[in-house]
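Trainee: Input: one structure, supplied below.
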Amino acid sequence: QNETPGLGDQISQEYWQAQWKGKQLYDHTGELLFHVAEGPVEPGSAAAAYQVAAVTGATVTSSAVTRLVRYWFGPDGYGPMLQRLREQPPQRPDATAGEES
1220 QNETPGLGDQ ISQEYWQAQW KGKQLYDHTG ELLFHVAEGP VEPGSAAAAY QVAAVTGATV
1280 TSSAVTRLVR YWFGPDGYGP MLQRLREQPP QRPDATAGEE S
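Residue numbers for the sequence shown follow the numbering used here, so the first one is 1220 and each next one is one higher.
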């Protein structure tokens, strides 16, 4: 964020951070769809749930953020573990388990 004053520092601004809230990484089939959009995100579009708008003039950084998220949440990062958790969510231990009656 300190590389190019007026560009990279935009990621610390509330307006930019706010657009990440509620975004989804995966669609209903488990496909990783998240990416930083090259232009404005069209509200209500099918892709809007998976996009955040890039910082103007920071194309290389925006592409790098997309690659970073896709790596860590994809098959080479935490993707397989997250898929297992979706398929078999952890079970809460029964509160009465282990108690003798």
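Cβ coordinates follow ideal geometry from the N, Cα and C atoms, glycine included. Quantities reported herein were computed from a predicted structural model and do not represent experimental measurements.
Please state if the CB of residue 1243 and the CB of residue 1256 are separated by a distance shorter than 8 Å.
Mentor: It is not a contact, given that the beta carbons lie outside the stated cut-off.
Trainee: Let me know the alpha helix (DSSP H) ranges lying completely inside the segment 1235-1269, each 4 residues or longer, listed in chain order.
Mentor: none
Trainee: Count the CB pairs spanning the segment 1230-1250 and the segment 1266-1285 that are closer than 8 Å, and state whether there are at least three.
Mentor: yes
Trainee: Identify the continuous alpha helix (DSSP H) that holds residue 1298 and give its terminal residues.
Mentor: 1298-1306
Trainee: Could you tell me how far apart the beta carbons of residue 1251 and residue 1293 are, in whole angstroms, since I believe they sit closer than 8 Å?
Mentor: 5 Å
Trainee: Rounding to the nearest angstrom, what Cα-Cα distance links residue 1233 and residue 1249 in this structure?
Mentor: 29 Å
Trainee: Please confirm whether residue 1274 and residue 1229 have their CB atoms less than 8 Å apart.
Mentor: In contact: residue 1274 and residue 1229 (Cβ atoms closer than 8 Å).
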